[in-house]
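I have placed the structure first, in the form of structure tokens, so that the comments after it can refer back to it.
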Amino acid sequence: MARRKKIYEGKAKILYEGPEPGTIVQYFKDDATAFNAQKKDVIEGKGVLNNRLSEFFMTGLNTIGVPTHFIKRLNMREQLVRACEIVPLEVIVRNIAAGSMAKRLGLEEGMPLPRPIVEYCYKDDKLGDPLVTEEHIAAFGWASQQDMDDILSLSLRVNDYLSGLMYGVGIKLVDFKIEIGRVYDGDYQRLILADEISPDSMRLWDMETGQKLDKDVFRRDLGSLTDAYTEVAQRLGVMPKQATHAVKPKLIN
Ligand code: 5GP
């Protein structure tokens, strides 16, 4: 049997050539990294959870008309996606002050923002994904003005969709990062949502207790990352809840 071709290995995923031209198999690893890979660990089960969660979010977004690269989940750790040219930007949408923005602007973490704020970072691990402005993006030709308009409206639609979904299960969507891909249909090109959507790239806080249910659990050593992601998956109905009234075996004398 021919070995499939690895196209790229990132911090949390491996991309392989797909079975048809224009497709890619995206494999979710258990590796967790933070602070630009200065902190690293292998968290058993994380890849399986992120594969399922990303499938769930991407399928929902496809259903409401947000174009994504997602085609179908193949197995526990892999999904088939449409090949695309990644726009070299990380698009961050924020609803509540936290993380690097709270630090940068001296804001109290947890402060609701007056409206969703969209930020752009240049995708370059060596540089630590620096924040850039639309001036940089236009001047260096990373995306056109039309692309930026499309990226903004796509990001805000994703934000509305995810915020509502999370609100329904008692979770605040604080912020998240997405990546955008470019696909060509004949002479035309359009932008689609690419990469993954999972608790690895979001901040999720329980509405009642404020408990963190995202990668900050790993970044800040707050407990079990898989317990947090499992909680999110169970609340969303992506994974079954464990029976709380399981009958204990009786000792027979
Ligand atoms: P911050 O800029 O506050 O560190 O991150 C903002 C949001 O984007 C957080 O939800 C964070 O998880 C996500 N994010 C920022 N950079 C990255 C990245 O390089 N990888 C992933 N997976 N998420 C990121």
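Numbered per UniProt numbering, the sequence shown spans residues 1 to 253. All residues carry an ideal CB built from backbone N, CA and C; glycine is no exception.
| Check | Outcome |
| --- | --- |
| Just how far apart, CA to CA, sit G10 and M207? | 32 Å |
| For L80, list the residues DSSP reports as bridge partners. | V25, K72 |
| Using CA coordinates, which residue listed in L213, G60, E78, F28 is at the minimum distance from D227? | L213 |
| In terms of residue numbering, what span does the beta strand (DSSP E) encompassing G106 cover? | Segment: none, G106 is in no beta strand (DSSP E) and carries neither H nor E. |
| Give a yes or no on whether the C-beta atoms belonging to I197 and F57 are separated by under 7 Å. | yes |
| Between which two residues does the beta strand (DSSP E) carrying residue 254 extend? | This structure gives no information on residue 254, because the portion of the chain shown stretches from 1 to 253. |
| If we count Cβ pairs, one from each stretch, closer than 8 Å, do we get three or more for the region 62 to 76 versus the region 103 to 120? | no |
| Shortest alpha-carbon distance to W205 belongs to which of V25, V81, E231, G45? | E231 |
| Please say whether L162 and L173 have beta carbons closer to each other than 7 Å? | yes |
| Pull up the distance between the alpha-carbon of V25 and that of V118, whole angstroms please. | 29 Å |
| Identify the continuous alpha helix (DSSP H) that holds A228 and give its terminal residues. | 225 to 235 |
| Report yes if the C-beta of S224 is less than 6 Å from at least one heavy atom of the ligand 5GP; otherwise report no. | no |
| Got a sec, what are the start and stop residues for the alpha helix (DSSP H) D41 sits in? | Note, D41: premise wrong, no alpha helix (DSSP H); beta strand (DSSP E) at 39 to 42. |
| Below 8 Å on the Cβ atoms is my contact criterion, and I expect K215 with A34 to pass it. Report the Cβ-Cβ distance as a whole number of Å. | 7 Å |
| Comparing C-alpha positions only, which one of A37, Q146, D185 sits nearest to C84? | D185 |
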